[in-house]
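Contents: one structure, followed by commentary.
Numbering (the working numbering), first residue to last: 109 to 745.
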């Protein structure tokens with residue numbers, strides 16, 4: 109084929125253009141990171157070749173010595189990062205270097221504020237570390253040939269990062285990928301061997317294959333003269349340790365090496381919060397190195413995004429994002445799992461049904477939960493930082509991990525009526541230790557936000573009796589708490605559900621007073637119930653109210669107004685569930701209502717009281733306009 113047929117010019121995907129613009133204007137505050145990203149990609153290419161070669165004998169050919177080679181040309185002003193890994197086809201190049209196949213990327217870019225753009229270092233989190241090359245280069249050329257492909261089937265990709273790239277077929281004698289950076293005039297420091305060696309030593313010591321550079325001293329021995337036409341063949345040497353970090357003894361690995369390895373596998377610019385490195389021998393043999401990040405990625409709430417650990421079998425890379433070894437609620441965990449028991453030809457389908465997988469999964473979950481328990485006990489501030497970032501996700505474990513529910517519950521933190529702020533720092537253990545002697549339940553309330561929870565009329569009786577109530581305001585709380593009925597032998601009770609049950613905190617006098625009032629006010633109760641027949645299941649005299657005129661309560665086993673609204677918003681079927689309407693007969697509005705039972709405005713007053721109660725409970729009304737009209741009508745009278 110002729111060059112005119114082969115060479116094509118394309119425009120970048122919109123998200124890539126935005127990303128390039130951010131990077132060229134210093135998305136990375138530390139420019140040297142580009143080399144770490146490109147070396148990391150080259151190492152991944154080698155890992156993929158090892159795996160693919162298990163089923164393609166010809167992929168290695170006569171070149172089984174995998175390596176990454178860094179070369180410079182000061183005259184041309186170029187820096188080249190070359191590998192002999194899996195390489196790319198023309199389609200691979202189009203898909204990998206022209207688009208970002210990652211959901212949520214455009215939303216992330218739109219949400220970034222100018223302040224975030226100045227110091228955000230999140231490129232690698234959505235798999236586009238390659239584009240960091242444009243921080244230091246005004247033109248980037250990629251030459252690649254896929255393993256098993258013919259020399260003439262290689263491909264070249266060239267771009268100046270200005271919205272377009274060209275792609276054409278070329279000949280390439282060897283397998284793998286070369287990335288040639290035409291450095292900007294003010295970035296020529298990256299042509300200096302000492303600078304490159306320093307960066308590689310800092311960020312890429314843990315790469316499991318050698319990163320090579322030309323030997324520093326290439327001069328001929330003293331007394332020997334080179335022939336004028338003699339061609340000097342450069343010698344190369346590895347400038348990194350080239351040992352997979354997780355295979356080394358913990359005593360040989362320092363803190364900085366652990367941190368840099370985390371950045372390599374997670375593409376997170378920041379440091380990890382903590383990690384656990386374990387080698388297990390016996391019935392099962394495996395090594396795990398698991399990390400907890402400090403900051404949540406922008407797509408944390410996307411439960412369908414690729415997640416999980418990097419899986420190796422007998423040091424051979426098998427797959428990224430092996431989700432079978434950690435449940436979805438631990439999707440923030442990053443790391444490596446290297447097993448000696450799984451087959452080298454293992455697939456995601458085989459992993460799904462493997463007994464070895466189940467055993468490894470249980471071990472990994474146990475390890476992560478133990479890591480969190482240790483952090484919560486000995487480094488409370490660090491754990492609070494973790495909880496603030498990932499607490500809402502961790503709560504999903506209450507519903508998804510029955511065998512570890514008690515452990516997950518012990519890790520949860522909440523705001524409480526004992527605090528003056530909305531900080532979620534109270535554990536269930538803390539709560540139990542502060543319970544009153546006659547108290548036998550853990551009380552909590554779920555609301556849309558902290559202000560609504562803190563001022564809820566349902567709390568009035570608890571405040572009056574000095575009983576602490578946990579305040580829950582995360583969007584998953586209503587659903588998650590439906591799966592936690594007790595903790596450490598104490599039943600959990602939502603104060604907005606069912607009959608008021610204060611156990612030993614409630615006196616016989618209190619109960620008799622409610623029973624007596626129910627008899628005496630039966631006419632009022634019946635008339636209110638008739639008026640609200642299509643909205644409530646029952647009307648009762650309230651024992652929980654002290655200052656408010658009324659409140660709504662979900663029946664035992666019934667669905668709260670808030671939960672019903674959430675399900676509707678998610679497009680789910682919502683079974684009919686009417687709340688209980690409780691009135692405070694000591695409140696002046698209710699007394700006035702009773703004295704005006706025959707008044708023509710009785711129906712309006714009842715509806716206003718009910719809508720007020722719904723507003724206090726959930727902050728929303730189905731028909732706010734009707735509420736406003738009734739209220740205005742009554743006020744004008």
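A virtual CB, placed ideally from N, CA and C, is assigned to each residue, including glycine. Predicted, not measured: the structure shown is a model, and the values here were computed from it.
With a cut-off of 8 Å on Cβ pairs, the segment 166-181 is in contact with the segment 313-321, counting three or more such pairs. The closest CA to that of residue 371, considering only 411, 643 and 310, is found on 310.
Residue 167 and residue 160 have their C-alpha atoms roughly 8 Å apart. Residue 701 and residue 713 do touch by the CB rule: their CB atoms are close to 5 Å apart, below 8 Å.
Secondary structure within the segment 587-645: the alpha helix (DSSP H) runs of 4 or more consecutive residues, fully enclosed, are 616-628 and 630-639 (chain order). For residue 290, the enclosing beta strand (DSSP E) covers residues 284-291. Per DSSP, residue 417 is one residue of the beta strand (DSSP E) stretching across 417-421. By a beta-carbon distance limit of 8 Å, residue 248 contacts residue 242. Their separation comes to about 6 Å.
Counting along the chain, the unbroken beta strand (DSSP E) around residue 401 starts and ends at 394-401.
When the alpha-carbon of residue 382 is set against those of 363, 373 and 390, the nearest one is in 363. Counting only residues of its own chain and dropping the five nearest sequence neighbours on each side, residue 656 has a CB closer than 6 Å to the CB of 565. Note on geometry: alpha-carbon atoms of residue 391 and residue 610 lie some 51 Å from one another.
Pairwise C-beta distances place the segment 284-295 out of contact with the segment 116-126, as fewer than three of them are shorter than 8 Å. Pairing residue 662 with residue 721 gives a Cβ-Cβ distance that is not under 8 Å. The beta carbon of residue 148 lies closer than 7 Å to those of 237 and 372 in the same chain, with the five residues before and after it left out. With respect to the C-alpha of residue 650, the residue from 691, 628, 639 and 152 having the closest C-alpha is 691. Secondary structure within the segment 299-329: the beta strand (DSSP E) runs of 3 or more consecutive residues, fully enclosed, are 319-322 (chain order). Between residue 313 and residue 171, the gap from beta carbon to beta carbon reaches 8 Å or more. The shortest CA-to-CA distance from residue 508 to any of 527, 424 and 436 is the one to 436. If one requires a minimum length of 4 residues, the alpha helix (DSSP H) runs lying completely within the segment 519-580 are 536-542, 558-562 and 568-572, in chain order. No Cβ-Cβ contact shorter than 8 Å links residue 118 with residue 196.
Burial is judged here by how many other beta carbons sit within 10 angstroms of a residue's own beta carbon; residue 302 has fewer than 16 and is exposed. Cα atoms of residue 438 and residue 501: separation of roughly 8 Å, rounded to the nearest angstrom. In this model, residue 570 and residue 380 are separated by some 41 Å (Cα to Cα). For residue 139, the closest alpha carbon among the candidates 181, 150, 307 and 183 is that of 307. Straight across, the Cα-Cα distance linking residue 478 with residue 430 is about 21 Å. Taking C-beta atoms under 8 Å as the contact rule, residue 588 and residue 506 qualify, at a distance of about 5 Å. About 16 Å separates the beta carbons of residue 537 and residue 599, which is beyond the 8 Å limit, so they are not a contact pair.
Inclusion of residue 359 and residue 401 in the CB contact set at 8 Å is not warranted, their separation being larger than that value.
Residue 442 sits close to residue 399, with the two beta carbons spaced by under 8 Å.
Under the 10 Å beta carbon count, residue 510 is surrounded by fewer than 16 other beta carbons and is classified as exposed.
Scanning 742, 614 and 304 for the CA closest to the CA of residue 545 turns up 614.
Close CB contacts of residue 533 within its chain, under the 7 Å cut and outside five residues either way in sequence, are with 492 and 521 (chain order). Under the three-state reduction of DSSP output, residue 118 falls in the strand class. Residue burial is scored here from C-beta neighbours: residue 581 has at least 16 other C-beta atoms within 10 angstroms and is therefore classed as buried. Here DSSP, grouped into helix, strand and coil, assigns residue 409 to coil.
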